[in-house]
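In this note's numbering, the protein residues as written are 437 to 947.
By construction, the Cβ of each residue, glycine as well, lies at the ideal position given by its N, Cα and C atoms.
None of these values were measured; they are calculated from a predicted model.
The block underneath contains the structure these notes are about, expressed in structure tokens.
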Amino acid sequence: MTDWTDGYVTDIDYAYAYCQELNPARAALAFLSKGMAVPDFETACELGFGQGLATNLHAAGSATQWYGTDFMPGQVAFAQDLNRISGADARLFDDSFQEFVHRSDLPDFDFIGLHGVWSWINEDNRDLIVSFLRTRLKPGGIVYMGYNAAAGWSGFAPLRHLMKQFGDTMVAHSQGGVDGIVGAVGFADRFLTANPAFAAANPMIVDRFEKVKTQDPVYLAHEYFCANWHPVYFSDMVGRLGEAKLSFGAPARYLDHLDVLNLTSEQSGFLDQIPDPVFRESTRDMMIARRFRSDYWIKGARTLLPGVLGDRLREQRVVLLRQRSEVSLVVRGGLREVEMQEAVYGPILDALAGQQPVAIGAIEAAVAQNGLTLPQVVQALLVLGGDNHLAPAQPEAVIAEARPKTDALNRHVARMAREGTVIDYLASPVTGGGIRVGRIQQLFLDALLNAGSSPADWVDHVWPILAGQGQKIIQDGKELQTDAENRAALLEQAERFADTQLPVYKALQLV
Ligand SMILES: C[S@@+](CC[C@H](N)C(=O)[O-])C[C@H]1O[C@@H](n2cnc3c(N)ncnc32)[C@H](O)[C@@H]1O
């Protein structure tokens, strides 16, 4: 390792990950649902952006001026390429946090996000980030923070420590990188097979480790093998971010808003007796053994007057991310699956069925005849948004401004899919963020733009690409062998794509 790393894993590049909670457009609904004001997001910044996928999708998909930094130059070069291609003009640096916070060419920000960073850096870097939030976030500004929560990691922490120590002491330097990770996981596997008293004292880590064994070593490298690995107590985070004048705003994952999905009635009843919101949240983390927190914080929370709040909520638009018939009313929270009431969700989904953005006020008007009120509508939208059936939609003027940038980015990502590099997301100017689209579907979109308009044309375009790369379609767990079999399976997929996904992707302006 070289000396600029501060103990971070720098010999393995981070994956092309995307965190939708970094999209400021999602933050607005989370705050409004709690009755709080949000700023206009003119400037935003991501700290430790990894490959920069989220920064690029959000910069291309919105009218916000994005900034960001990550100290791994290979990742930054990739992020800067995407930025150049989209024309989003985000300012992306390969500065360490130490360098970045001292820049004199940064504006003040309405939104600052960091996902998967805080728990993996040392105290000095956390101090730098707190001071950056204190000085660079505007009053009224929002912070998104995703970090490991202490409540869910207590049993696993010693095992992660052992794996890290194995990597540090037992793996030859020449055999570091991914091989070292695989070696450390293998060691932990053999350790657990020897039935250590540690496993008897922490029975749940055995299941947890079974999952670790199936995970990509690149992901494991960044998750478990940094020198710094600090799951954090919520109350400690309240204290640290309090130094930057931030207070807790709202859970960033919409489904976290709903106790019914995450707690039994006994657990809810217990928590309801705790009046202090921070202590309640700490106890709630223990109640659900939470491992990761995704939160929005705010510098100076302002409660909106009821009339103003109603107006702001009614103006906010949302859009369905799939066809009405494809939306399942069974929602999986942290605790269980709950079937949403057709009487509430049916009319709301009907109001959204045209696949176009609809203002919450218009949904409220459409469902008034069903006896549904604005708070019920907002709660249902959070559930549907939390389960990725819908997303907040931007104003038309912003969509029009973003569209040329998202078109350029999406064409490039589809070209990469053609060449074999898979980025599972395209940018929507409607939602201002990333939409998950698999490689084959991206190739169909590429075919639509470059080869023809029928599913048969798309197969003619896509099959030679896959065949040229030695790839075959897997159907019912079996690899299809002949050209004819592969073409037939692709045609089936293409026809399904034309019927179900393409109309949605067109509405989201991915193509
Ligand atoms: C676990 S990754 C998360 C990446 C990205 N936020 C995501 O969720 O996809 C943490 C990132 O922080 C960056 N990082 C760690 N320490 C840093 C430092 N001191 N200065 C700048 N970047 C740093 C790493 O290079 C890495 O890309």
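DSSP places Pro575 inside the beta strand (DSSP E), whose first and last residues are 573-584. Counted as a single uninterrupted DSSP element, the beta strand (DSSP E) harbouring Trp502 occupies residues 501-505.
In the structure shown, Gly484 adopts coil according to DSSP, grouped into three states. For Thr842, the secondary structure class from DSSP, reduced to helix, strand or coil, is helix. Checking the 8 Å criterion, the Cβ of Glu559 is out of range of every heavy atom belonging to ligand 1. Closest in alpha carbon position to Asp560, among Phe485, Gln534, Asp919, is Gln534. The three-state reading of DSSP puts Thr809 in coil, since its state is none of H, G, I, E or B. DSSP places His666 outside both helix and strand once states are collapsed to three, so it counts as coil. Contact between Met776 and Val814 is ruled out by a C-beta separation of about 14 Å, above the 8 Å threshold.
Ranking Glu773, Val774, Ala798 by CA distance to the CA of Leu785 puts Ala798 first.
Between the C-alpha atoms of Asp882 and Arg847 there is a straight-line separation of about 7 Å. In this structure, ligand 1 has a non-hydrogen atom nearer than 8 Å to the beta-carbon of Trp556. DSSP links Pro828 through a beta bridge to Val754.
When the beta-carbon positions are compared, Gln752 and Leu938 stay at least 9 Å from each other.
Shown here, Gly622 sits in a helix according to DSSP, grouped into three states. Under DSSP, Phe684 forms a beta bridge with Trp733.
Note that the C-beta distance between Arg729 and Tyr583 is below 9 Å. Nearest in C-alpha terms to Val866, of all of Asp843, Gly888, Val858, is Asp843. Bridge pairing for Ile910: Glu915 [DSSP]. The straight-line gap separating the alpha-carbon atoms of Ser498 and Val642 is approximately 44 Å. If you draw a straight line from the Cα of Lys600 to the Cα of Asp625, it is about 14 Å long.
Secondary structure in the segment 688-745: the alpha helix (DSSP H) runs of 4 residues or longer, each lying completely within the stretch, are 695-698, 701-708, 713-723 in chain order. Considering only Pro828, Ala789, Gly782, the residue with the shortest C-alpha distance to Asn806 is Gly782. In this structure, the CA atom of Arg839 is about 21 Å from the CA atom of Cys455. When secondary structure is reduced to three states using DSSP, Phe592 falls in the coil class, being assigned neither helix nor strand.
Judged by the Cβ position, Tyr660 fails to qualify as a neighbour of ligand 1 at the 8 Å threshold, every heavy atom of the ligand being at least this far. Collapsing the DSSP output to three states places Ala863 in a strand.
Between the segment 730-748 and the segment 686-701, the count of C-beta pairs closer than 8 Å reaches three or more; the two stretches touch. Shown here, Arg748 sits in a helix according to DSSP, grouped into three states.
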